[in-house]
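J.:
Protein chains: 4
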Amino acid sequence: MNQDTLNPSALRYGAPITLDEARHVAQAAHDEAARQDWPMAIAIVDSGGHLVLLHRLDNTQLGSIEVARQKAETAVRFKRPTKRFEDALTEGGLHWRLLGMTNLTPLDGGIPLVRDGAVIGAIGISGMQSHQDAQVAQAGADALR
Amino acid sequence: MNQDTLNPSALRYGAPITLDEARHVAQAAHDEAARQDWPMAIAIVDSGGHLVLLHRLDNTQLGSIEVARQKAETAVRFKRPTKRFEDALTEGGLHWRLLGMTNLTPLDGGIPLVRDGAVIGAIGISGMQSHQDAQVAQAGADALR
Amino acid sequence: MNQDTLNPSALRYGAPITLDEARHVAQAAHDEAARQDWPMAIAIVDSGGHLVLLHRLDNTQLGSIEVARQKAETAVRFKRPTKRFEDALTEGGLHWRLLGMTNLTPLDGGIPLVRDGAVIGAIGISGMQSHQDAQVAQAGADALR
Amino acid sequence: MNQDTLNPSALRYGAPITLDEARHVAQAAHDEAARQDWPMAIAIVDSGGHLVLLHRLDNTQLGSIEVARQKAETAVRFKRPTKRFEDALTEGGLHWRLLGMTNLTPLDGGIPLVRDGAVIGAIGISGMQSHQDAQVAQAGADALR
Chain G
312 MNQDTLNPSA LRYGAPITLD EARHVAQAAH DEAARQDWPM AIAIVDSGGH
362 LVLLHRLDNT QLGSIEVARQ KAETAVRFKR PTKRFEDALT EGGLHWRLLG
412 MTNLTPLDGG IPLVRDGAVI GAIGISGMQS HQDAQVAQAG ADALR
Chain F
312 MNQDTLNPSA LRYGAPITLD EARHVAQAAH DEAARQDWPM AIAIVDSGGH
362 LVLLHRLDNT QLGSIEVARQ KAETAVRFKR PTKRFEDALT EGGLHWRLLG
412 MTNLTPLDGG IPLVRDGAVI GAIGISGMQS HQDAQVAQAG ADALR
Chain Z
312 MNQDTLNPSA LRYGAPITLD EARHVAQAAH DEAARQDWPM AIAIVDSGGH
362 LVLLHRLDNT QLGSIEVARQ KAETAVRFKR PTKRFEDALT EGGLHWRLLG
412 MTNLTPLDGG IPLVRDGAVI GAIGISGMQS HQDAQVAQAG ADALR
Chain L
312 MNQDTLNPSA LRYGAPITLD EARHVAQAAH DEAARQDWPM AIAIVDSGGH
362 LVLLHRLDNT QLGSIEVARQ KAETAVRFKR PTKRFEDALT EGGLHWRLLG
412 MTNLTPLDGG IPLVRDGAVI GAIGISGMQS HQDAQVAQAG ADALR
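This is the structure we're talking about:
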């Protein structure tokens, strides 16, 4: 699934990701975070946006627990990577209206987990700069295939 | 009722929209959404801003449930289409202060339902781009006359 | 599905109920409410606990909007009719601990919608006494078969 | 550490449990849950009450995500097993006041994780009856030694 070309309105919601799959995805993200020596929170939610797994690496800032979860929720709620919203804010203008939305976290680092055209969940990472969070989230998402 | 010339301060709040009327409005919006093949959430609130009807079409992004409701609430709370707030953000400057308001969703797609000079409710649509949401909301509002 | 013998831990979560199915269930509940002349809110959530449909009959008390939704959410969250929790409170003693739970509404009137051993959603009714709410919820649930 | 004789006021708060330790504790709980074929949510918080790990087994009722977390939080917040509060409610009388506390979940299944006289975190389990939840939480806590 190429995250950059993903078309939200064409995506269905599928069955929820299993814990085994979530652990596999989380481990890939964890490995990438460890390789970079980045303290991070890893959250994986199912296709209803509900937590299946959360791992917080040692010394990760406490605020990242909630942010990681919210990024994953946002990716499921809007069936797209949270980077889309971050990019929109960078463009500015009308896009600032996104800041008026209460159920959307516009920070890179949340990526839908998609299989056979259906969202089965999402991964959200927080702890470093958002492009670094996204690098680790992508490492997790890539492990699903 | 021409939404573009609606003058909020001259509007009264009327009796609440009935469920029958809300279903009629929602069906017109639903038909337009189906015609365009757009997955959307349709929310109709009464003159107190309270939900009378919510319909979520299949595969609509989950986040739109809350956004549709908030757009309709905003349209009732401020007796004007939410597009007014979106346009204000586009102008920028002092208008940015709108983002500091917690009971206002500044996205196009929320339209008051007005009869005989009184707000009887509002319709809020979410699921696609905001001008598309507004197109469907307008189809619903037009059905009220 | 006999609600009285439903075993929560053996139930899976299935795909979300469709809007067409939800409308069918809601209409059956609506018909029963109208037959009794009971003002009520009807909420139907999907297998993730998210609203698919809400209809509020005219003159229903405003508080019932939220209560109907919470009953449906509770029935999905715990895969059982909310009557189980109401009955437990009636027994008293240790069961009072249920009142310490923040994501559980212990009032009759919420019933899971089950198909092929899987929860596809739930219906929640509020507006009258809880056994009357439950009568209407059951009429809705019965229409799913 | 014998949970039954634990004296809250003599306990200090220690350094937070590490993710490695949390995973070890969670695995022991997971193994016990799998042995019993019980769908459950496993939450482990640190000495500040913040999530370090959450694992939800497949088909666990959604409401247990929040309940497991709250049980673990309660066990850290009050430096005692949540069973103490459940038992107090069973006694009744003045103990009913516990239900008026908003940061306390009075259900068995939350156990502090203690090392060298210091609370380093807690485990909370939800999904079955509370004594079964507690059995699995204890299996996790026992793995810490």
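Residue numbers (this note's numbering), protein chains in the order written: chain G, 312 to 456; chain F, 312 to 456; chain Z, 312 to 456; chain L, 312 to 456.
Virtual Cβ for every residue (Gly too), placed ideally from N, Cα, C.
Just so it is clear, the structure is predicted and the values come from calculations on it, not from any experiment.
Got a sec: does the ligand NAD put a non-hydrogen atom nearer than 7 Å to the Cβ of S320 (chain F)?
T.: Absence of the ligand NAD is noted for the structure shown, with no ligands found whatsoever.
J.: Compare the C-beta of H387 (chain Z) against all C-beta atoms of chain L and say whether one is closer than 8 Å.
T.: The residue asked about is misnamed: residue 387 (chain Z) is Val in this sequence, not His. Chain L contact via Cβ: present.
J.: With a threshold of 16 other CB atoms inside 10 Å of the CB of A433 (chain G), please say whether the residue is buried or exposed.
T.: When all chains shown are included, A433 (chain G) counts as buried.
J.: Which residues of the stretch 372–385 of chain Z have a Cβ closer than 7 Å to any Cβ of chain F? Give them in chain order.
T.: Here the close residues are L373, I376.
J.: Under a CB-based cut-off of 8 Å, is P392 (chain Z) close to chain L?
T.: No - not a single Cβ of chain L is within 8 Å of the one on P392 (chain Z).
J.: Whether or not the stretch 352–367 of chain L and the stretch 399–413 of chain L are in contact is what I'm after, with contact meaning three or more pairs of Cβ atoms, one per stretch, closer than 8 Å; do they touch?
T.: Judged by Cβ distances under 8 Å, the stretch 399–413 of chain L makes no contact with the stretch 352–367 of chain L, as fewer than three pairs qualify.
J.: Would the beta-carbon of I431 (chain G) fall within 8 Å of that of V447 (chain G)?
T.: Not closer than 8 Å, so no.
J.: Mind pulling the chain Z residues with CB within less than 8 Å of V368 (chain L)?
T.: Note that residue 368 (chain L) is Leu in the sequence shown here, rather than Val. Neighbours of L368 (chain L) on chain Z: none; closest Cβ ~11 Å, over 8 Å.
J.: Quick check: the stretch 415–425 of chain G against the stretch 377–392 of chain G, are at least 3 beta-carbon pairs closer than 8 Å?
T.: Touching, yes, given that three or more Cβ pairs across the two stretches are closer than 8 Å.
J.: Run through the stretch 361–433 of chain G for me and flag every whole beta strand (DSSP E) of 3 or more residues, listed as ranges in chain order.
T.: For the stretch 361–433 of chain G, whole beta strand (DSSP E) runs of length 3 or above, ordered along the chain, are 362–367, 421–426.
J.: Give me the residue from F:S375, F:G428, F:V363 with the minimum Cα distance to R323 (chain F).
T.: It is F:G428 whose Cα lies nearest to the Cα of R323 (chain F).
J.: Roughly how many angstroms lie between the CA atoms of T393 (chain Z) and I353 (chain Z), to the nearest whole one?
T.: Roughly 15 Å between the two C-alpha positions.
J.: Report the residues of the stretch 315–345 of chain G with a CB closer than 7 Å to any CB of chain Z, ordered along the chain.
T.: Going along the stretch 315–345 of chain G in chain order, one finds Y324, A326, P327 with a Cβ nearer than 7 Å to chain Z.
J.: Could you tell me whether any Cβ in chain L is nearer than 8 Å to the Cβ of L364 (chain G)?
T.: Cβ-Cβ to chain L under 8 Å: yes for L364 (chain G).
J.: Suppose you measure from the CA of D444 (chain L) to the CA of E377 (chain G); what does that come to, to the nearest Å?
T.: Cα to Cα, the separation comes out at about 25 Å.
J.: From this set, F:A344, F:T413, F:A339, F:P417, which residue's C-alpha is nearest T401 (chain F)'s C-alpha?
T.: For the residues F:A344, F:T413, F:A339, F:P417, the minimum Cα distance to T401 (chain F) belongs to F:P417.
J.: With a 10 Å radius around its C-beta and 16 neighbouring C-beta atoms as the bar for buried, classify D419 (chain G) as buried or exposed.
T.: So D419 (chain G) ends up on the buried side.
J.: Go to D342 (chain G), then tell me how far its alpha helix (DSSP H) extends in each direction, as first and last residue.
T.: 330–347 is the extent of the alpha helix (DSSP H) around D342 (chain G).
J.: Taking only beta-carbon atoms, is H361 (chain G) less than 8 Å away from chain Z?
T.: Yes, its Cβ sits closer than 8 Å to a Cβ of chain Z.
J.: What is the residue span of the alpha helix (DSSP H) that A445 (chain F) lies within?
T.: Where A445 (chain F) is concerned, the enclosing alpha helix (DSSP H) stretches over 441–453.
J.: Find the residues of chain Z that neighbour P417 (chain L), judging by a C-beta separation of less than 7 Å, and give them in chain order.
T.: In chain order: R408, G411.
J.: Tell me which residue opens and which closes the beta strand (DSSP E) that A321 (chain Z) is part of.
T.: A321 (chain Z) -> no beta strand (DSSP E), and no H or E assigned at all.
J.: Determine which residues share a DSSP beta bridge with S437 (chain L) and list them.
T.: In DSSP, S437 (chain L) forms a bridge with L:A352.
J.: Using a beta-carbon distance below 8 Å, is E397 (chain L) in contact with chain Z?
T.: So, interface residue.
J.: Kindly list the residues whose CB is nearer than 7 Å to the CB of M439 (chain L), restricted to its own chain and excluding five residues on each side of it in sequence; keep chain order.
T.: Excluding sequence neighbours, M439 (chain L) sits near W349, M351.
J.: Below 6 Å CB to CB, which residues in the same chain sit around R456 (chain Z) once its five sequence neighbours on both sides are set aside?
T.: Answer for R456 (chain Z): no residue qualifies.
J.: Looking at G451 (chain L): is its Cβ nearer than 8 Å to the Cβ of A339 (chain L)?
T.: In contact: G451 (chain L) and A339 (chain L) (Cβ atoms closer than 8 Å).
J.: Shorter than 8 Å from the beta carbon of V350 (chain F) to some beta carbon of chain G?
T.: Checking the displayed sequence, the identity of residue 350 (chain F) turns out to be Pro instead of Val. Judged by the 8 Å Cβ criterion, P350 (chain F) is in contact with chain G.
J.: Closer than 8 Å, CB to CB, is L405 (chain G) near chain F or not?
T.: For L405 (chain G), the answer is yes, since a Cβ of chain F falls inside 8 Å of its Cβ.
J.: Okay, do the stretch 325–344 of chain L and the stretch 360–368 of chain L touch, 3+ Cβ pairs below 8 Å being the bar?
T.: Judged by Cβ distances under 8 Å, the stretch 325–344 of chain L makes contact with the stretch 360–368 of chain L, as three or more pairs qualify.
J.: To the nearest angstrom, report how far apart T316 (chain L) and A383 (chain L) are at their CA atoms.
T.: Whole-angstrom Cα-Cα distance: 19 Å.
J.: Taking 8 Å as the threshold (C-beta atoms), are R334 (chain L) and L364 (chain L) in contact?
T.: Yes.
J.: Apart from the five residues on each side of it in sequence, which residues of its chain come closer than 7 Å, Cβ to Cβ, to Q449 (chain L)?
T.: Within the same chain, Q449 (chain L) has close Cβ partners I422.
J.: Per DSSP, what kind of secondary structure is P327 (chain L) in: helix, strand or coil?
T.: The answer is coil: DSSP assigns P327 (chain L) none of H, G, I, E or B.
J.: In chain G, what lies closer than 7 Å to S441 (chain Z) by C-beta?
T.: By Cβ distance, chain G contributes nothing, its closest Cβ being about 27 Å from S441 (chain Z), past 7 Å.
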